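*Asks:* Just so you know, the sequences run in chain order A and B.
318 is the number of the first residue of the first sequence in the working numbering; add one for each residue after it.
9 is the number of the first residue of the second sequence in the working numbering; add one for each residue after it.
Sharing a structure, written as structure tokens. Questions coming.
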Amino acid sequence: MSFDLEDLRRTAPLLLLSAAGLVLLLLEAFSRVRLIGRHYHKKLPPETSEAYAVPLAGSRTYLMPLTVLFLAAALGLVVWLWPEAAEPHYLYRRMLVLDRFGLLLSGVCITAAAIGALGAPAYLREQRMEFGEYYALLLLSLAGMVMLVSAADLVSLLLGVETMSLGAYVLTGSWRRSPRSSEAAMKYFLMGAFVSAILLYGIALIYGSTGTTELAEVRAHLSEMRSAPVFYLGMFFLLAGLAFKIAAVPFHMWAPDVYEGAPTPVTGFMMAAVKTAAFGGLIRLCVGGLTSGRVPEVSTGPTGWVNVLFVLSALSMTLGNLAALRQENIKRLLAYSSIAHAGYLLVGVVALGVVGDAARAPLIYYLLGYAVTVVGAMAVVAALAMGPGQERLPIEQWAGLGQRHPAMALAMTLFLLSLGGFPPTAGFFGKFYLFRAALQNPSLLLLVLLAIVNSLVSVYYYLRIVTAMYFRTPQEEEVEGHVPAAQGALRLAVLLAALLVLGLGVWPGWAATVAEAAKLAG
Amino acid sequence: MSWILTLTTFLPLLGALVCLLLPREEVGLLRGVGLSVALLTFLFSLGILSGFNGQTAGFLHEVDLPWVQALGIRYHLGVDGISLWLVLLTTFLMPVVMLSSWSAIADKVREFTVAALVLETGMIGGFLALDLFLFYVFFEVMLIPMYFIIGVWGGERRLYAAIKFVLYTMVGSLLLLVAILYLYVKVHQATGTWSFAYADMQRLVLSEREQLYCFAAFALAFCIKVPLFPLHTWLPDAHVEAPTAGSVILASVLLKYGTYGLLRFALPLFPHAVAEVGPLLAALSLAGIIYGSLVAYAQRDIKKLIAYSSVAHMGIVVLGLLMLNTKAVNGAIYQMLAHGISTGALFLCVGVLYERRHTRRMEEFGGLWAQMPVFAGFFLIFTLASVGLPGLCGFVGEFLVLAGTMSAGRTAFADVPLFGKAHLYAALAATGVVLGAVYMLWMFQRVMLGPNENPKNRKLRDLTLREGMVLTPMAVMAFWLGLYPATFLRDMNPAVHRTLVAFKEKYSAGAADAEPRMLGQDKNKKEEGQPPAKQDKEEGQPPAQQPAQPPAASPPGTGATP
């Protein structure tokens, strides 16, 4: 029952992120004095200055580099703790656990957030929505993710989910002048609040039947729960809550609207980091709390979580892909594709329950590959915006980009090929690695086949964008003389993501080795 | 010399990267770099020939390095008599293609050069890969550049054709991936090590049911690529819409991936499944031969006619492979090379016409002989080569396949129903060859002979020097393949023989009952010690008598098995 300094040291990334978030919040508060808004929108054409006539603080350009610096430091701390985490350490009265699995997923979230943050200022400035809280919220949300992926207790799991989501709700609505953004935030928040209640209810039911909220303890009590309806009800509630966060069908209704309405860098952040962290929480729950060799009914029994996730997986990939086929808006298309990818990832979680630990490394690899790919794709979408309030969203507006912005088009092609699973990209190896693990048990053959058929379907709509960029001639109505915000840091973000996608695909060995080493506690 | 394969494979990719860095306005420079890289690759690829002496049955110049150690994925390249000539065909064609697109591709030259060179890396690597994962990667890498070549520089319906091409190929290749993964897991079950090595997969024995499913996936992937009769519908679209360069590469090399994949992977890995579904495939290939010929006869578009003739010619190749005797299989590979040269050259000729008249409809032409005598001469050579006139490339392959099919009943597995009807197969295939002569000569007549009535054709220029330089090497190869087949058969024969012996050995070892096992494992013998004598008796007479090969059944380069 001690609370020692070691615990603080071992949660250094979490503490750093929280502290950094608060520092940025304060900096933002005290630098508001220097408003240059009026000067700023003099440059705008008259009709837009009307719509965007708000005080703008364009002077705080140091916030982004500072954020990236903090994120790099957090990543450094993750690396620093890595050797120590070979053995799991329980912290804060077994609320959190320091193990390599949690560290690695934290690292993935931080990396995705850092790449996203690099690209954000150019976009935010262009969309006239620059405000400092953006970075503070990003960091605080990340702190929630770190907590979520290192949760050893249902309470800290819930805390992580809530902290993560609060940041995401506000970020979604941060584009104040866009009704879509406000609508998305409202939808996301209402649904999210509902889901929090469901999660909490689930936790209560589990606590009621097992007498504990600690995951390891829950697992120890599983043998008494073989046929306890209350326990199963609690489990289903928890699964439903987390399925909402990963946007799995049928808990996906919010995803297309939210992903479409949110500012583009936020969309990237949510698709990559929020999804990774939520999967981390799901794996913690399923493997850490609900899998026991002695009581297989809870995992692989007819009402076990494996079957539940099996169905969610099949539904997510099929419906996600089918819906994506019909999308004309690139953000909506990628939103549905993200639902489909949640389905592929669930194949991995199902495999974790059926073939055991062999599916862990592929899952982590897939999460990493998917995270860098979507962050990159969203950075490209952000980079190609054509002016305030004019994002390049309908696919027909992507016509001819191969000529107009060859580098961006090439990068986007790479990201889309990775999403579609073409070698030699991270997406291909991720799928291969995941399916290899799943195929070790013949009962998953059907799910893998379904996933493969779905990948085929997905190729069609990913290539639609490539087709538009390269095979069609550009439209004439494009704003003459407008230089897209694709400059400096945003270009760097796209380049980084592209190099990672390619590097992970051509030399997957190192990432696979690291993922193999990222053991789960317990 | 183990670096030679790596160098040949990745030199084009290096060239592609160089081209990416060049400014896109420097069109001449880009074309020059593209051509020189392709030429250089061809020169280096000739180095692969060293070491082949007519006796080598196994793989040469092997490289075997770990790629992803944890998963047993290896960078394993090697070349034998089967892949040797296909690689050389690829590297030989690429400079020709580059030169032929000198003026045809005027738009986005940088992108074209990059796509073509990346494609070349994929094509060469695929023929050389001896690790199934590596093979799959190269197989897929080919897809995207070809998609761009059709979609960006293609004709009017290029979007449709490009997406159709990709989706058709993806259906097969994703199933192929599942089957490869399945084999990989089974190898692990049987040996305890993770391996994608071709040698390990070949030693793996599965139950008949498993073989059937895996063979179905492999065969579907490759038969789409061939394309075998009911799966061919993407081909005419892709060919007609693709630019000349794309059609040539598609016909000459990419289609060969189908038959190469059948011969290298699908047949030897699943002998029991082949015995079971072989008759079906043979029937489909016959249907393809006849149907392809008839449909070709009905075409008005020259390019479409040649596309359908490909369906027929590739049907002959598949038939030859299924006969499983040295003669027919040699003939099938030979026909692959011959088809690569003659059909590729015919597409180049159509490209020459199209650049002048921007149409490919036969009724627009006629009587070009007088107007373009040199061109007509070349066109005649390639038409006759495609028909299979003795002395030209098409004859040897077709003859060997037909002869091999005739004798199939007396060789190999007389008990398998497939070979009971071998005479009928041969007769039907021969009909297809006759039909081939009909539509090709009819096409030649419509385009080249008769009076030159269309006023638009009165001022057509004969071949330019560049076009002559494009067609001459093709014509030389058409004659070489036709007049002196020994050059090619010498090194092909031992490899084919070895593949068939391995096939028969695996077949006679029987399918696994439930658990997968490795060939040779249960006999407590190193695979080196397998006496091939018993199988040799059943083996048909190879055209050139080979001494019995001691390591005939041993998989080469067991580097991947620790």
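The beta carbon of each residue, even a glycine, is placed where N, CA and C say it ideally should be.
Remember, it's a predicted structure, so these values are computed and weren't measured experimentally.
Contact defined as beta carbons within less than 8 Å: I believe Gly-296/B pairs with His-366/B. What is the distance between those atoms, to the nearest angstrom?
*Replies:* As a first step, residue 296/B must be located in the second sequence, where it is residue number 288. As a first step, residue 366/B must be located in the second sequence, where it is residue number 358. At roughly 31 Å, the Cβ-Cβ gap does not stay under 8 Å, so Gly-296/B and His-366/B are not in contact.
*Asks:* Taking the C-alpha atoms as reference points, what is the distance between Ala-336/A and Phe-146/B?
*Replies:* Counted from its first residue, the first sequence places residue 336/A at position 19. Counted from its first residue, the second sequence places residue 146/B at position 138. Distance between the alpha carbons of Ala-336/A and Phe-146/B is about 48 Å.
*Asks:* Step through the CB atoms of chain A and report whether any lies within less than 8 Å of the CB of Pro-539/B.
*Replies:* Working through the second sequence from its first residue, we reach residue 539/B at position 531. At Pro-539/B the pLDDT is 43, less than 50, meaning the model places this residue with poor confidence and gives no usable figure here.
*Asks:* What does DSSP give as the partner residues of Ile-81/B in its beta bridges?
*Replies:* Walking along the second sequence from the start, residue 81/B turns up at place 73. In DSSP, Ile-81/B forms a bridge with Val-76/B.
*Asks:* Give me the subset of the segment 704-725 of chain A whose CB atoms are less than 7 Å from a CB atom of chain B, sorted by chain position.
*Replies:* Hits within the stretch: zero.
*Asks:* Any beta carbon from chain A within less than 8 Å of Phe-156/B's own beta carbon?
*Replies:* The residue given as residue 156/B occupies position 148 in the second sequence. So, interface residue.
*Asks:* If you draw a straight line from the alpha carbon of Gly-375/B to that of Leu-167/B, how long is it in whole angstroms?
*Replies:* For the purposes of this step, residue 375/B is identified with residue 367 of the second sequence, where counting begins at 1. For the purposes of this step, residue 167/B is identified with residue 159 of the second sequence, where counting begins at 1. C-alpha separation (whole angstroms): 34 Å.
*Asks:* Closer than 8 Å, CB to CB, is Phe-732/A near chain B or not?
*Replies:* Residue 732/A sits at position 415 when you count from the first residue of the first sequence. No, Phe-732/A lies away from the interface with chain B (no Cβ there is under 8 Å from its Cβ).
*Asks:* Kindly list the residues whose CB is nearer than 7 Å to the CB of Val-8/B, restricted to its own chain and excluding five residues on each side of it in sequence; keep chain order.
*Replies:* Since the first residue of chain B shown is 9 and the last is 570, residue 8/B is not available in this structure.
*Asks:* Shortest alpha-carbon distance to Met-481/A belongs to which of Met-412/A, Ala-594/A, Leu-408/A and Gly-436/A?
*Replies:* To locate residue 481/A, count along the first sequence from 1; it is residue 164. Checked all of Met-412/A, Ala-594/A, Leu-408/A and Gly-436/A; the closest Cα to Met-481/A is Ala-594/A.
*Asks:* Which first and last residues belong to the beta strand (DSSP E) in which Val-414/A is found?
*Replies:* Reading the first sequence from its first residue, position 97 is the one you call residue 414/A. Unbroken beta strand (DSSP E) run through Val-414/A: 413-415.
*Asks:* For Ala-112/B, which option in Gly-359/B, Glu-523/B and Leu-330/B has the closest C-alpha, if you only look at C-alpha atoms?
*Replies:* Indexing the second sequence from 1 puts residue 112/B at position 104. With distances taken between Cα atoms, Ala-112/B lies closest to Gly-359/B.
*Asks:* Could you please give me the residues that DSSP links to Arg-531/A through a beta bridge?
*Replies:* For the purposes of this step, residue 531/A is taken as the residue at position 214 of the first sequence. A small correction: the amino acid at residue 531/A is Glu; Arg does not occupy that position in the sequence shown. In DSSP, Glu-531/A forms a bridge with Asp-470/A.
*Asks:* If I measure Cβ to Cβ from Ala-557/A and keep anything under 7 Å in the same chain, skipping five residues before and after, which residues do I get?
*Replies:* The residue you call residue 557/A lines up with position 240 of the first sequence. These residues qualify, in order along the chain: Ile-515 and Phe-568.
*Asks:* Quick check on Asp-521/B: does DSSP put it in helix, strand or coil?
*Replies:* Position 513 of the second sequence holds residue 521/B. Asp-521/B: coil per DSSP, three-state reduction.
*Asks:* Can you tell me whether DSSP reads Met-526/B as helix, strand or coil?
*Replies:* Indexing the second sequence from 1 puts residue 526/B at position 518. Three-state result, Met-526/B: strand.
*Asks:* If contact means a Cβ-Cβ distance below 9 Å, which residues of the segment 167-182 of chain B contact chain A?
*Replies:* Within the segment 167-182 of chain B, the qualifying residues are Leu-167, Ala-170, Ile-171, Val-174, Leu-175, Met-178, Val-179 and Leu-182.
*Asks:* Could you tell me whether any Cβ in chain A is nearer than 8 Å to the Cβ of Val-248/B?
*Replies:* Here residue 248/B refers to the residue found at position 240 of the second sequence. For Val-248/B, the answer is no, since every Cβ of chain A falls outside 8 Å of its Cβ.
*Asks:* I want to know whether the segment 609-618 of chain A touches the segment 432-445 of chain A - three or more CB-CB distances under 8 Å.
*Replies:* No, because fewer than three Cβ pairs between the segment 609-618 of chain A and the segment 432-445 of chain A fall closer than 8 Å, the two stretches do not touch.
*Asks:* How many angstroms separate the CA atom of Tyr-505/A from the CA atom of Leu-356/B?
*Replies:* Taking the first sequence and counting its residues from 1, one reaches residue 505/A at position 188. Taking the second sequence and counting its residues from 1, one reaches residue 356/B at position 348. Their Cα atoms are separated by approximately 59 Å.
*Asks:* Is the beta carbon of Ile-90/B less than 8 Å from the beta carbon of Val-504/B?
*Replies:* As a first step, residue 90/B must be located in the second sequence, where it is residue number 82. As a first step, residue 504/B must be located in the second sequence, where it is residue number 496. In this structure, Val-504/B lies closer than 8 Å to Ile-90/B by Cβ.
*Asks:* To the nearest whole angstrom, what separates the beta carbons of Met-842/A and Trp-492/A, a pair I think is in contact under 8 Å?
*Replies:* The question about residue 842/A has no answer here: the residues shown for chain A are numbered 318 through 839.
*Asks:* For the segment 282-293 of chain B, list every residue whose C-beta sits within 7 Å of some C-beta in chain A, in sequence order.
*Replies:* If the cut-off is 7 Å between Cβ atoms, the segment 282-293 of chain B has nothing near chain A.
*Asks:* Residues of chain B with CB closer than 9 Å to the CB of Gly-826/A, please, in chain order.
*Replies:* Within the first sequence, the letter at position 509 stands for residue 826/A. Here the neighbours are Pro-74, Trp-75, Val-76, Gln-77, Ala-78, Leu-79 and Ile-81.
*Asks:* Which same chain residues, not among the five before or five after Glu-371/B, have their C-beta less than 8 Å away from its C-beta?
*Replies:* Translated into positions along the second sequence, residue 371/B becomes position 363. Hits under 8 Å: Arg-308 and Arg-454.
*Asks:* State yes or no: is the C-beta of Ser-301/B within less than 8 Å of the C-beta of Gly-444/B?
*Replies:* Residue mapping note: residue 301/B aligns to position 293 of the second sequence, counting from 1. Residue mapping note: residue 444/B aligns to position 436 of the second sequence, counting from 1. Closer than 8 Å, so yes.
*Asks:* In chain B, which residues lie with their C-beta within 8 Å of the C-beta of Gln-444/A?
*Replies:* Residue 444/A sits at position 127 when you count from the first residue of the first sequence. Correct list: empty, because the minimum Cβ distance to chain B is about 31 Å.
*Asks:* In chain order, what residues of the segment 507-528 of chain A put their CB closer than 7 Å to some CB of chain B?
*Replies:* Answer in chain order: no residues at all.
*Asks:* Find out if the Cβ-Cβ distance for the pair Gly-754/A, Leu-764/A is shorter than 8 Å.
*Replies:* The residue you call residue 754/A lines up with position 437 of the first sequence. The residue you call residue 764/A lines up with position 447 of the first sequence. The residue asked about is misnamed: residue 754/A is Ala in this sequence, not Gly. No; because the gap between Cβ atoms is not below 8 Å, this pair is not in contact.
*Asks:* Could you name each continuous alpha helix (DSSP H) segment of 4 residues or more that falls completely within the segment 434-498 of chain A, going from the start of the chain to the end?
*Replies:* As far as the segment 434-498 of chain A is concerned, its whole alpha helix (DSSP H) runs of at least 4 residues are 450-466 and 471-489.
*Asks:* Taking just the CA atoms, how far does Tyr-265/B sit from Met-131/B?
*Replies:* Here residue 131/B is taken as the residue at index 123 of the second sequence, counted from 1. Here residue 265/B is taken as the residue at index 257 of the second sequence, counted from 1. Roughly 9 Å separates the two Cα atoms.
*Asks:* Whole angstroms is fine: what's the gap from Val-831/A's alpha carbon to Leu-138/B's?
*Replies:* To locate residue 831/A, count along the first sequence from 1; it is residue 514. To locate residue 138/B, count along the second sequence from 1; it is residue 130. Approximately 27 Å between the Cα atoms of the pair.
*Asks:* Could you spell out where the alpha helix (DSSP H) holding Leu-408/A opens and where it closes?
*Replies:* Within the first sequence, numbered from 1, the residue matching residue 408/A stands at position 91. No alpha helix (DSSP H) contains Leu-408/A, which is instead part of the beta strand (DSSP E) from 406-408.
*Asks:* Under 6 Å Cβ to Cβ from Gly-80/B, same chain only, skipping five residues before and after it: list those, please.
*Replies:* Residue mapping note: residue 80/B aligns to position 72 of the second sequence, counting from 1. The answer, listed in chain order, is Trp-202 and Ser-203.
*Asks:* Would you verify that the beta carbon of Ile-681/A is, or is not, closer than 8 Å to some beta carbon of chain B?
*Replies:* Along the first sequence, one-based indexing puts residue 681/A at 364. Closer than 8 Å: no.
*Asks:* So Gly-822/A is in the alpha helix (DSSP H); what residue range does that whole segment cover?
*Replies:* By one-based count along the first sequence, residue 822/A stands at place 505. 805-823 is the span of the alpha helix (DSSP H), which, as asked, contains Gly-822/A.
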